[in-house]
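Under this note's numbering, the first residue of the sequence shown carries the number 456, and numbering increases by one thereafter. Ideal Cβ placement from N, Cα and C applies to all residues, glycine included. None of these values were measured; they are calculated from a predicted model. Written below as structure tokens is the structure these notes are about.
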Amino acid sequence: MALVNFKQMLRIARKGGYAVAAFNPVDYASMRAMVEAAEEIDAPLIMQTSAKTIKYYGHEPLATWYEQLASDSSVPVTLHLDHGKDLDMIRKCIETGWTSVMIDASDKPFEENMKITRQVLEMATPAGLAIEAEIGEIGGVEEDIIVAEEDAHLANPDEAERFCREFDLGVFAAAIGTAHGYYHGEPKVAFDLIDEIYRRTQTPMALHGGTGLDEETIAKCIELGCAKVNISTNLKHVFVDSFVQYNKNNPTDYEPLKVLGAQFEAMKELFRSKMTEFGGAGKGASMLKEIKESP
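Shown next as structure tokens:
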């Protein structure tokens, strides 16, 4: 079985000095393209669904697609809930087949964030799921929630240390200067903050807002403690642009499977490129073996 939660996955990646790519699928084809790309280059994969995607398709179809695609995969594949805010949705993910969930209560006061995170951990742990949680507010647009630049704020390292001491997280998301969506201007990533938070928590960190960051910036974040890199906006653009471009190049071709095939290959190319950039290529089978052999 290649269906795993990402707690072991990300600790192995951190130990190996690389990060696992986390992509937000938009349909069955994008999920299949992710898994095929991961298998082709032997890379671990985090498939993370947004709340919008769950509302559109429903829990059961997404969980079924994941199990069908990943259960016999040669590489480890996680089904993760990204930016979960609704406790009922999170509970249904846990019951339906997700292998990890994120609780994002970062817009709440710190003590309330702690309380809500504890509730989710108490739901997830008995079911064998790992969780991701966040402090600080990451700017940009995510799940139709807009956090203006002036409202975004970096994580407090003292609070980060307390948060990770209280909770056994699979991965920790901290606002470190990145933003969701494409960047307008030069991103100001607080490398010193990543370094301090990881040194004080020893918990693998998630890099949100990976779309639009240059390779050097992402490599530095991985070096300092990020073991999960999120890519969502980039996939949305490839998904739409590849479809449109095929129609422009072939204006009289109305065979849907040809259009979908071109879109599928464009998505696979994105997935292969990002998984390789983050260092995961060639690590999938060995990671899966280590996970299976661990107690």
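Within the stretch 466-498, the runs of beta strand (DSSP E) that reach at least 3 residues and sit entirely inside it are, in chain order, 475-478.
For Asp537, the enclosing beta strand (DSSP E) covers residues Val532 to Gly539.
Val459 carries a coil assignment under DSSP once its states are collapsed to helix, strand and coil. The Cβ atoms of Ala518 and Gly735 do not sit closer than 9 Å to each other. Under DSSP, Val684 takes part in a beta bridge, and its partners are Ala476 and Leu662.
By the CB criterion at 9 Å, Val556 and Gly583 fall outside the cutoff. Uninterrupted alpha helix (DSSP H) stretches at least 4 residues long and entirely within the stretch 514-594 occur at 514-525, 542-551 and 565-579, given in chain order. Gln503 carries a strand assignment under DSSP once its states are collapsed to helix, strand and coil. Here DSSP, grouped into helix, strand and coil, assigns Val695 to helix. DSSP links Ala629 through a beta bridge to Ile590.
Per DSSP, Thr707 lies in no alpha helix (DSSP H) and is assigned neither H nor E. As the crow flies, the alpha-carbon of Glu616 is around 15 Å from that of Gly625. In this structure, the CA atom of Lys563 is about 20 Å from the CA atom of Arg546. In chain order, Ile649, Tyr653 and Met660 place their CB closer than 6 Å to the CB of Gly680, counting only its own chain and leaving out the 5 sequence neighbours on each side.
When the alpha-carbon of His663 is set against those of Asn479, Glu621 and Gly737, the nearest one is in Asn479. For the 9 Å CB-CB criterion, Ala560 and Lys738 do not form a contact. In this model, Ala645 and Ala630 are separated by some 9 Å (Cα to Cα). For Pro750, the three-state secondary structure derived from DSSP is coil. The alpha carbon of Trp520 has as its nearest neighbour, out of Val481, Thr633 and Ser749, the alpha carbon of Val481. Only buried fits Asn685, as 16 or more other CB atoms lie within 10 angstroms of its CB. DSSP, read as helix, strand or coil, puts Gly735 in coil.
Taking C-beta separations shorter than 8 Å and ignoring five residues to either side along the sequence, the partners of Gly632 in its chain run Leu609, Pro642, Lys643, Val644, Ala645 and Leu648, following chain order.
Here Glu550 is actually not in contact with Leu458; their C-beta atoms are around 15 Å apart, not less than 8 Å. Taking 8 Å as the upper bound for CB-CB distance, Ile558 and Ala588 are in contact here, some 5 Å apart.
Residue environment for Pro531: buried (at least 16 other C-beta atoms within 10 angstroms of its C-beta). Here Gln503 has Ala477, Asn479, His535 and Asp537 as same chain residues with Cβ atoms under 6 Å from its own Cβ, once five neighbours each way along the sequence are excluded. The Cβ atoms of Asp623 and Thr580 sit closer than 9 Å to each other.
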